[in-house]
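**Student:**
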Amino acid sequence: MPREADQMRRAGNYVLGLMDDIERARAERDLEIDADFRGAVLRVAERMRLLDLRPDTASADAWRAISARIAEMPQMRGRPSPAVGPSQGAGPDGRGLHSVSGPRGRLIAIGLVAACAVGYAAGVATGRFW
10 MPREADQMRR
20 AGNYVLGLMD
30 DIERARAERD
40 LEIDADFRGA
50 VLRVAERMRL
60 LDLRPDTASA
70 DAWRAISARI
80 AEMPQMRGRP
90 SPAVGPSQGA
100 GPDGRGLHSV
110 SGPRGRLIAI
120 GLVAACAVGY
130 AAGVATGRFW
């Protein structure tokens, strides 16, 4: 059984073109002298051919009928869009959750700049910054 599994794996690699030049030359030599390997290659090639078969294409009338049936579905009917209003996170003054202004906003901005400066200085001091 392991020999058969190895043979099928090798045949698959040959059919799919996954072998390097040396392996491919050895496989082509084995195709000439080893009937079992030749059979494995033919089986794998047939399976690959079946995967490559194209289904029958539907006519234009069939596609129009399919499109019409899809258009009749309740999910495809249009709805009026809701009126655009403030976001759900807006407070009573109309500002969202992430808007910060005034002295508090300035304090946060100064803190972020200071944190970036400290991080940069630490990186330069340790030599790990670029």
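For our numbering, add 9 to where a residue sits in the sequence shown, where the first one is 1.
For glycine and all other residues, C-beta sits at the position ideal for the given N, C-alpha and C.
Nothing here was measured: the structure is a model prediction, and the numbers come from that model.
Find out if the Cβ-Cβ distance for the pair D45, Q16 is shorter than 9 Å.
**Tutor:** Residue mapping note: residue 45 aligns to position 36 of the sequence shown, counting from 1. Residue mapping note: residue 16 aligns to position 7 of the sequence shown, counting from 1. Their beta carbons are under 9 Å apart, which means D45 touches Q16 by this criterion.
**Student:** Among the residues of its own chain, which have a CB less than 7 Å from the CB of V50, if the five just before and after it don't count?
**Tutor:** The count along the sequence shown starts at 1 and reaches residue 50 at position 41. Closer than 7 Å at the Cβ level, and outside the excluded window around V50, lie A20, Y23, V24 and L40.
**Student:** With burial defined as no fewer than 16 other Cβ atoms inside 10 Å of the residue's Cβ, what is the status of V53: buried or exposed?
**Tutor:** Here the question's residue 53 lines up with position 44 in the sequence shown. So V53 counts as buried.
**Student:** At the level of alpha carbons, what is the spacing between P83 and S76?
**Tutor:** As a first step, residue 83 must be located in the sequence shown, where it is residue number 74. As a first step, residue 76 must be located in the sequence shown, where it is residue number 67. About 14 Å.
**Student:** Would DSSP call D29 helix, strand or coil?
**Tutor:** The residue given as residue 29 occupies position 20 in the sequence shown. DSSP places D29 in coil when its eight states are reduced to three.
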